[in-house]
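> Chains as they are written, first to last, in this note's numbering: chain A, 1 to 261; chain B, 262 to 522; chain C, 523 to 783.
#1: Pick out the complete beta strand (DSSP E) segments inside the stretch 382–440 of chain B, 3 residues or longer, and give them in chain order.
#2: What distance in whole Å lies between the Cβ atoms of residue 372 (chain B) and residue 350 (chain B), which are believed to be in contact at a cut-off of 8 Å?
#3: Which chain B residues are close to residue 71 (chain A), counting only those with a beta carbon under 9 Å from its beta carbon?
#4: Who are the neighbours of residue 650 (chain C) on chain B, taking C-beta pairs under 7 Å?
#5: Where does residue 758 (chain C) land, buried or exposed, given buried means 16+ other C-beta within 10 angstroms?
#6: Suppose the cutoff is 7 Å on Cβ atoms and the five residues either side in sequence are ignored; what does the same chain contact list for residue 142 (chain A) look like?
#7: Measuring only the C-alpha atoms, how far is residue 607 (chain C) from residue 614 (chain C)?
#8: Counting only Cβ pairs nearer than 8 Å, list the residues of chain C close to residue 14 (chain A).
#9: Note down, in chain order, every chain C residue with its Cβ under 9 Å from the Cβ of residue 29 (chain A).
#10: Going by beta-carbon coordinates alone, are residue 689 (chain C) and residue 657 (chain C) separated by less than 8 Å?
#11: Residue 514 (chain B) and residue 442 (chain B) look like a contact to me (Cβ under 8 Å); what is the Cβ gap, rounded to whole Å?
#12: Does the CB of residue 751 (chain C) have a neighbour CB from chain A at under 8 Å?
#13: Can you tell me which of A:17, A:241, A:10 puts its alpha carbon nearest to the alpha carbon of residue 186 (chain A)?
#14: Give the single residue among B:282, B:439, B:266 whose Cα lies nearest to the Cα of residue 512 (chain B).
#15: So what does DSSP say about residue 346 (chain B), is it helix, strand or coil?
#16: Closest to residue 533 (chain C) by CA distance: which of C:765, C:572, C:674 is it?
#17: Let me see if you follow: with CB-CB separation under 8 Å, is residue 226 (chain A) close to chain B or not?
#18: Cβ atoms of residue 649 (chain C) and residue 320 (chain B): under 8 Å apart, would you say?
#19: So, residue 671 (chain C) versus residue 636 (chain C), is the Cβ gap smaller than 8 Å?
#20: If distances are taken between C-alpha atoms only, which option among A:4, A:184, A:249 comes closest to residue 281 (chain B)?
#21: For residue 764 (chain C), go through chain A and note every residue whose CB falls closer than 8 Å to its CB, in chain order.
#22: Indicate the three-state DSSP secondary structure (helix, strand or coil) for residue 201 (chain A) in the structure shown.
#23: Where does residue 67 (chain A) land, buried or exposed, given buried means 16+ other C-beta within 10 angstroms?
#24: Within the continuous alpha helix (DSSP H) that includes residue 575 (chain C), where are the two ends?
#25: Report the rounded CA-to-CA distance for residue 392 (chain B) versus residue 337 (chain B), giving the unit in angstroms.
#26: Name, in chain order, the residues that DSSP records as bridge partners for residue 500 (chain B).
#27: Can you give me the start and stop residues for the beta strand (DSSP E) that residue 299 (chain B) sits inside?
#28: Which class does residue 374 (chain B) belong to by DSSP, given the choice of helix, strand or coil?
#29: Can you tell me whether residue 583 (chain C) is buried or exposed? The criterion is at least 16 other CB atoms within 10 Å of its CB, across all chains shown.
#30: Looking only at its chain, what residues have a beta carbon closer than 8 Å to the beta carbon of residue 2 (chain A), apart from the 5 residues adjacent to it on each side?
#31: For residue 577 (chain C) and chain A, any beta-carbon pair shorter than 8 Å?
#32: Taking 8 Å as the threshold (beta carbon to beta carbon), is residue 23 (chain A) in contact with chain C?
#33: Could you compute how far the alpha carbon of residue 509 (chain B) sits from the alpha carbon of residue 591 (chain C)?
#34: Measuring only the C-alpha atoms, how far is residue 202 (chain B) from residue 551 (chain C)?
See the structure below:
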């Protein structure tokens with residue numbers, strides 16, 4: 001019986017204009033000719049660890065069991081920062097130990113954390129500026145062929161995490177902020193929808209705009225109207241039906257959002 | 262004997278910066294681990310149904326028999342708009358019933374039209390804002406594994422279509438317009454080349470520019486010169502040899518084009 | 523025993539907004555349903571032969587033996603320029619004979635050069651403006667299924683090459699220039715690192731900036747500081763640690779770079 005397929009999912013800030021992503025794939029296929037490789041995105045802002053953190057945290061659950069997530073957003077490449085591998089119940093994650101896997105820090109599905117250091121599975125020569133090519137890609141290739149994470153280095157007990165702004169609840173309501181703006185201009189906040197006690201009647205303030213009530217979907221408001229709704233990952237979002245909320249409200253990442261009962 | 266491979270071709274307006282396309286692929290692979298997934302493009306203008314219509318109409322014939330086309334340009338997500346599946350002699354198409362599959366409306370190769378409503382093949386929870394992830398992706402995964410379209414819902418008889426501007430012929434010539442501008446700045450019109458009776462001697466007017474005769478290829482004119490030619494999909498196009506016609510002629514989608522004998 | 527997989531690597535200036543790349547893949551899969559297709563990049567500047575040359579030269583070694591590289595940057599499409607195939611010890615390369623494969627001109631691993639002319643392996647109708655779809659894609663599909671390059675046309679003895687600027691050495695030092703600027707704003711030069719006799723003490727001048735010594739990696743300088751280092755392909759590069767050198771130094775492709783002992 002065949003072994004399960006272990007797809008490799010790539011998340012980088014390399015962009016698609018340069019050959020770096022293609023080279024990663026070449027190295028992976030050199031190690032594992034039938035590897036299945038999926039791009040999550042390569043357009044994370046250059047060295048933007050916070051975006052990579054949020055993006056991976058909100059995406060990984062949609063992939064099949066066995067998937068290997070390779071996150072190369074790595075401003076510290078060539079320093080003594082470690083590269084870590086985390087085995088959870090269902091997945092493996094590879095990344096520099098720079099905080100972007102911090103969403104797993106207290107996750108009870110974590111089974112093992114390893115410092116990646118077994119050069120046997122690296123490219124023969126490791127540059128000081130492109131560990132994606134020389135370490136991450138060949139290691140991912142070996143893992144997707146079935147290598148056990150434990151073969152790659154010694155166990156460690158803790159990892160770094162980014163400190164991302166968290167929503168805070170008081171009797172007067174919930175305060176959070178915009179943590180992402182997507183291609184459509186929709187504003188993703190860090191306010192979990194399950195914090196809102198009576199969604200139908202809350203008042204949401206973002207910049208100078210006040211929005212009454214949480215809608216079910218875009219089309220619950222007329223075209224051009226601003227609305228709040230529960231986004232597809234469970235956080236409060238703000239959009240303009242058939243429009244661009246970021247542009248209309250002149251809002252960027254970091255803008256405060258307040259919800260009053 | 263193995264069943265034929267049924268590739269899944271994705272066409273969306275999601276862009277590649279956000280994780281949405283990666284998530285679609287994760288869901289597809291969760292249903293069908295060896296699915297073959299191809300990106301047609303994800304850079305259709307946000308909610309630009311007309312571009313998606315033209316783009317898919319002019320591309321689908323180049324894919325292998327059995328291909329499943331998944332078009333998620335869906336400004337009406339969460340409303341009561343239907344999701345439809347169309348089986349033709351060679352292909353399957355999935356899309357919201359918002360007109361982007363209208364080029365199939367009178368196609369004699371259509372074998373069956375179905376309203377997609379069998380939630381057994383959806384993700385367990387369906388959000389109101391991301392049917393790409395919750396309906397289109399898992400349904401495409403099941404179809405690529407061999408599920409029959411008829412299992413997905415009840416047959417319907419008609420679909421919506423966009424009204425795209427059509428070229429009109431009069432004794433004085435053919436009138437059309439620019440329907441797309443590609444990366445090279447080439448202007449794609451809606452004037453079928455076979456409407457031109459004597460291509461060598463026609464006069465083509467776009468904006469203030471007059472072009473004499475239809476050329477065979479770019480290099481039939483000197484570098485920097487404007488030319489008309491029959492594009493690779495059979496419509497009249499206008500280009501500048503080794504240059505950018507949209508910029509040189511200051512032309513956008515919608516610009517009138519007139520051909521006189 | 524199964525035959526080796528022969529991945530197809532695509533390098534074009536088509537961009538990802540138009541359907542052209544997707545169509546190439548459709549045609550390849552029509553010929554070879556299980557072909558493995560990898561994008562090197564499709565964002566080479568429109569008709570920018572020099573960038574395609576450098577990019578492919580510095581990338582191809584990272585792919586598995588048997589890989590077929592298809593380079594469609596083709597401003598001469600439809601003219602009498604040839605399409606060539608080059609078999610090296612480990613790879614096959616397809617491209618217009620416009621110089622972008624010139625880095626193979628004197629390579630001793632070249633085994634065979636062929637003018638691609640056997641229309642049996644083309645699409646039935648060949649347009650004059652889209653040979654990527656009508657010739658390159660089906661030919662690559664057949665090669666990846668195991669077709670021998672010799673079946674595609676007659677042997678030829680020489681190919682064209684671009685004249686790219688080369689670094690020159692004098693007793694006073696090495697003179698070169700910036701040949702690429704990547705997404706991070708790193709400046710890639712054409713100065714091979716092995717030309718520098720005492721890397722630790724050289725003085726590198728780019729524009730008005732002088733940089734002392736070649737660093738090991740970005741983090742050998744403080745954040746915001748400019749540094750020179752040996753890039754991952756063996757050439758001298760200039761960067762700003764956690765910053766954008768192209769922007770900080772206001773430098774573009776073509777800028778002179780001088781190294782003095």
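The beta carbon of each residue, even a glycine, is placed where N, CA and C say it ideally should be.
Only a predicted model underlies this, so the values are computations on that prediction, with no experimental measurement involved.
According to the structure data:
#1: Within the stretch 382–440 of chain B, the complete beta strand (DSSP E) runs of at least 3 residues are 429–431.
#2: Counting from one through the second chain, the residue named residue 350 (chain B) turns up at place 89. Counting from one through the second chain, the residue named residue 372 (chain B) turns up at place 111. Yes, they are in contact, since the Cβ atoms of residue 350 (chain B) and residue 372 (chain B) sit about 6 Å apart, within 8 Å.
#3: Counting from 1 along the first chain, the entry for residue 71 (chain A) is found at position 71. Per Cβ cutoff of 9 Å: no residues; residue 71 (chain A) is ~12 Å from chain B at best.
#4: On the third chain, position 128 is the one that residue 650 (chain C) refers to. Under the 7 Å cutoff, chain B gives 477, 478.
#5: The count along the third chain starts at 1 and reaches residue 758 (chain C) at position 236. Label assigned to residue 758 (chain C): buried.
#6: Locating residue 142 (chain A) in the first chain gives position 142, where the first residue counts as 1. Same-chain partners within the cutoff: 31, 121.
#7: On the third chain, residue 607 (chain C) is found 85 positions in, with the first residue counted as 1. On the third chain, residue 614 (chain C) is found 92 positions in, with the first residue counted as 1. Taking the straight line from one Cα to the other gives about 7 Å.
#8: Numbered from 1 along the first chain, position 14 holds the residue referred to as residue 14 (chain A). Within 8 Å Cβ-Cβ: 705.
#9: Taking the first residue of the first chain as 1, we reach residue 29 (chain A) at position 29. Correct list: 527, 529, 558, 560, 585, 586, 589.
#10: Within the third chain, numbered from 1, the residue matching residue 689 (chain C) stands at position 167. Within the third chain, numbered from 1, the residue matching residue 657 (chain C) stands at position 135. No, the Cβ-Cβ distance between residue 689 (chain C) and residue 657 (chain C) is not below 8 Å.
#11: What you label residue 514 (chain B) is simply residue 253 of the second chain in a count that begins at 1. What you label residue 442 (chain B) is simply residue 181 of the second chain in a count that begins at 1. Indeed they touch by this definition, with Cβ atoms about 6 Å apart.
#12: The residue you call residue 751 (chain C) lines up with position 229 of the third chain. Yes - at least one Cβ of chain A is within 8 Å of the one on residue 751 (chain C).
#13: The count along the first chain starts at 1 and reaches residue 186 (chain A) at position 186. Closest by alpha carbon: A:241.
#14: Along the second chain, read from residue 1 onward, the residue named residue 512 (chain B) stands at position 251. Checked all of B:282, B:439, B:266; the closest Cα to residue 512 (chain B) is B:439.
#15: Within the second chain, the letter at position 85 stands for residue 346 (chain B). In this structure, residue 346 (chain B) counts as strand in the three-state DSSP scheme.
#16: For this step, residue 533 (chain C) is matched to residue 11 along the third chain. Per the Cα distances, C:572.
#17: Within the first chain, the letter at position 226 stands for residue 226 (chain A). For residue 226 (chain A), the answer is no, since every Cβ of chain B falls outside 8 Å of its Cβ.
#18: Walking along the second chain from the start, residue 320 (chain B) turns up at place 59. Walking along the third chain from the start, residue 649 (chain C) turns up at place 127. For residue 320 (chain B) and residue 649 (chain C), no; Cβs fall outside 8 Å.
#19: The residue labelled residue 671 (chain C) in the question sits at position 149 within the third chain. The residue labelled residue 636 (chain C) in the question sits at position 114 within the third chain. Contact: yes.
#20: Translated into positions along the second chain, residue 281 (chain B) becomes position 20. If we check each option's Cα against that of residue 281 (chain B), A:184 comes out closest.
#21: For the purposes of this step, residue 764 (chain C) is taken as the residue at position 242 of the third chain. Residues of chain A passing the Cβ test: 47, 75.
#22: Translated into positions along the first chain, residue 201 (chain A) becomes position 201. The answer is coil: DSSP assigns residue 201 (chain A) none of H, G, I, E or B.
#23: Within the first chain, the letter at position 67 stands for residue 67 (chain A). Classification for residue 67 (chain A): buried.
#24: Numbered from 1 along the third chain, position 53 holds the residue referred to as residue 575 (chain C). Per DSSP, residue 575 (chain C) belongs to the alpha helix (DSSP H) from 571–579.
#25: One-based indexing of the second chain puts residue 392 (chain B) at position 131. One-based indexing of the second chain puts residue 337 (chain B) at position 76. Straight-line Cα distance between these residues: approximately 10 Å.
#26: Residue mapping note: residue 500 (chain B) aligns to position 239 of the second chain, counting from 1. DSSP output for residue 500 (chain B) lists B:488 as bridge partner(s).
#27: On the second chain, residue 299 (chain B) is found 38 positions in, with the first residue counted as 1. Where residue 299 (chain B) is concerned, the enclosing beta strand (DSSP E) stretches over 298–302.
#28: Within the second chain, residue 374 (chain B) is the residue found at index 113, counting from 1. Residue 374 (chain B) falls in the strand class under three-state DSSP.
#29: In the third chain, residue 583 (chain C) corresponds to position 61, counting from 1. It is exposed - the Cβ of residue 583 (chain C) has fewer than 16 other Cβ atoms within 10 Å.
#30: For this step, residue 2 (chain A) is matched to residue 2 along the first chain. Any reading at residue 2 (chain A) is ruled out, since the residue's pLDDT is 46, under 50, leaving its predicted position unreliable.
#31: For the purposes of this step, residue 577 (chain C) is identified with residue 55 of the third chain, where counting begins at 1. By this cut-off, residue 577 (chain C) is an interface position.
#32: Start at 1 with the first residue of the first chain, and residue 23 (chain A) comes out as number 23. Taking Cβ atoms only, chain C reaches closer than 8 Å to residue 23 (chain A), which makes this a yes.
#33: Within the second chain, residue 509 (chain B) is the residue found at index 248, counting from 1. Within the third chain, residue 591 (chain C) is the residue found at index 69, counting from 1. Distance between the alpha carbons of residue 509 (chain B) and residue 591 (chain C) is about 34 Å.
#34: No information on residue 202 (chain B) is available, as it lies outside the stretch 262 to 522 that chain B covers here.
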